[in-house]
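Visitor: Under the numbering used here, think of the first position of the sequence shown as 3, with each following residue one higher. Just passing along the structure, written as structure tokens.
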Amino acid sequence: MKLYLVRHGEAYSNEERFERPLNPRGQNEVLQIANFLKNDHCMVDKIYHSEKLRAIETAEIIANTLDLTNKLQMLPSLDPDEDVYKLIGDIHEFTQNILMVGHLPNLALLASFMINGNITTPSLSFLTATTACFELDNSAWKLKWSIDPQSLRKSVK
Numbered sequence: 003m004k005l006y007l008v009r010h011g012e013a014y015s016n017e018e019r020f021e022r023p024l025n026p027r028g029q030n031e032v033l034q035i036a037n038f039l040k041n042d043h044c045m046v047d048k049i050y051h052s053e054k055l056r057a058i059e060t061a062e063i064i065a066n067t068l069d070l071t072n073k074l075q076m077l078p079s080l081d082p083d084e085d086v087y088k089l090i091g092d093i094h095e096f097t098q099n100i101l102m103v104g105h106l107p108n109l110a111l112l113a114s115f116m117i118n119g120n121i122t123t124p125s126l127s128f129l130t131a132t133t134a135c136f137e138l139d140n141s142a143w144k145l146k147w148s149i150d151p152q153s154l155r156k157s158v159k
């Protein structure tokens with residue numbers, strides 16, 4: 003089983019916190035990541051997102067690129083104000099390849115938990131649209147890779 007953690011793309015900052023849509027740069031960042039996932043033959047059974055507009059838009063861009071528009075679902079524990087332990091509990095219920103679109107600090111805390119077994123030591127930097135792929139191996143999560151749009155742009159040049 004694989005778990006992909008994706009931070010939402012860059013959003014407008016002058017809007018209300020709840021309804022901040024992606025700005026053009028954020029849309030482009032997410033499209034770059036989505037195309038990377040498609041070219042990497044990312045196999046996802048379900049895409050979960052928070053209720054925040056920027057996460058919904060990020061999930062929709064990825065779903066459209068991967069032809070998974072009927073696999074989108076809101077997951078309350080992805081809300082940035084939720085206790086990260088609810089999110090940790092949710093991942094233990096998954097049995098399929100999952101992509102989760104969320105926010106800081108919870109994505110970084112979840113990644114730390116998966117890598118170190120605790121949430122006190124940040125292990126990954128989650129710039130906007132950063133994506134990390136974890137694989138469940140003998141009941142332990144292993145980080146397979148992590149990529150952000152800036153690194154993708156550098157690798158194309």
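Glycine is no exception: its CB is placed at the ideal position from the N, C-alpha and C atoms. Model, not experiment: these values are computed from the prediction.
At which residues does the beta strand (DSSP E) containing L145 begin and terminate?
Guide: A142 to I149
Visitor: Which term fits K54, buried or exposed, when burial requires 16 or more other beta carbons within 10 angstroms of its beta carbon?
Guide: buried
Visitor: Return the residue from the list F96, R27 and N66 that minimises the CA-CA distance to L39.
Guide: For the residues F96, R27 and N66, the minimum Cα distance to L39 belongs to N66.
Visitor: By the three-class DSSP mapping on this structure, what secondary structure does Q98 have?
Guide: Secondary structure of Q98 (DSSP, three-state): coil.
Visitor: Take A57 and list the residues in its own chain whose beta-carbon comes closer than 8 Å to its own, dropping the five residues that flank it on each side.
Guide: H10, H51, L80, V103, G104 and H105
Visitor: Pick helix, strand or coil for T60, following the three-state DSSP scheme.
Guide: helix
Visitor: Considering just the uninterrupted stretch of the beta strand (DSSP E) at F38, what are its terminal residues?
Guide: From DSSP, F38 is part of no beta strand (DSSP E) but of the alpha helix (DSSP H) over P26 to N41.
Visitor: Here's the rule I'm using: 16 or more other beta-carbon atoms within 10 Å means buried, otherwise exposed. How should M116 be labelled?
Guide: Using a 10 angstroms sphere on the CB of M116, the tally of other CB atoms reaches 16 or more, which defines it as buried.
Visitor: If distances are taken between C-alpha atoms only, which option among W143, M45, I63 and L111 comes closest to N99?
Guide: M45
Visitor: Rounding to the nearest angstrom, what Cα-Cα distance links T71 and L77 in this structure?
Guide: Taking the straight line joining both Cα atoms gives about 16 Å.
Visitor: Between the Cα of L68 and the Cα atoms of Y87, T122, V32 and L24, which residue gives the shortest distance?
Guide: Selected option, being the one with the closest Cα: V32.
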